[in-house]
Structure formats: C-alpha cells, structure tokens
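In the working numbering, the protein residues as written are 274 to 387. Data block below; observations after.
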Amino acid sequence: MGMMEIKAFLHEQARIAYDMKEAQIDQIQPGLMRQAERFFILQRIDTLWREHLQQMDALRESVGLRGYGQKDPLIEYKSEGYELFLDMMVNIRRDVVYSLFMFQPQAQQTAEMV
C-alpha cells in the first residue's frame with residue numbers, strides 16, 4: 274500500500290467518523306453541529322490569532338539583533354513570520370477537529386411543572 278492509498282484510506286475513515294459524529298449530534302438538535310463548527314472555529318481563530326500577534330512582536334524584537342550577524346532583518350522577519358502563520362493555521366485546523374470530535378452535547382430535559 275503506497276503513501277497515497279494510505280492517505281486516501283485515512284481521509285475516508287476520518288470522513289466516516291465525522292459523518293457519524295454529525296448524525297449523533299444532530300439527533301439531539303438539528304443544525305447543532307453547524308453551530309458547534311462555527312463556535313469552535315471562531316474560538317480557536319480568536320485565541321490563536323492573539324497568540325500569533327504576541328509571537329510576531331517577540332519575533333520583531335529578536336530579528337532586530339540579527340542585523341549584527343550580517344542577515345537582513347526584514348527578510349528574516351518575513352520568512353519566520355510566514356512560518357509562524359502557517360503553524361497557526363495548522364493549529365487552528367487541528368484544534369477545531371479535536372474539539373468537534375470531543376464535543377458531547379447533552380439533550381435538554383424539559384421540566385414539567387407539577
């Protein structure tokens with residue numbers, strides 16, 4: 274089995290697991306999975322974007338010192354900043370998928386007045 278076949282198999286298995294999770298959650302409340310997706314995506318983007326901005330500030334400070342090492346600070350900043358951005362995007366995807374699979378909503382109990 275080659276690498277492409279393994280990737281295709283894993284992708285298909287992940288899709289099946291996601292469809293099962295979606296069906297489970299939508300039994301509790303139709304459309305709840307889409308609401309959860311939006312919530313988790315926005316939550317992770319917000320958190321990780323703030324962290325990314327802090328990392329960029331730290332990078333700006335550290336790259337300034339590289340000018341003494343005969344490296345162009347602007348090129349270093351752009352290069353490492355891009356890598357930090359790509360890492361952030363990977364982390365967003367990973368965290369959202371994890372959160373969706375761990376999501377366990379409880380059916381609301383309707384309390385009857387006696």
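From the three backbone atoms N, C-alpha and C, an ideal C-beta is built for every residue, glycine too.
Around the Cβ of Phe374, a 10 Å sphere holds fewer than 16 other Cβ atoms; the residue is exposed. Separation of Ile365 and Tyr350 (C-alpha to C-alpha, rounded to the nearest whole angstrom) is 22 Å. With respect to the C-alpha of Arg367, the residue from Ala287, Gln300, Ala380, Gln379 having the closest C-alpha is Ala287. Put simply, the backbone Cα of Ile289 is about 33 Å away from that of Glu324. Put simply, the segment 276 to 287 does not touch the segment 352 to 366. Fewer than three CB pairs are less than 8 Å apart. Note that the C-beta distance between Ile318 and Met306 is not below 8 Å.
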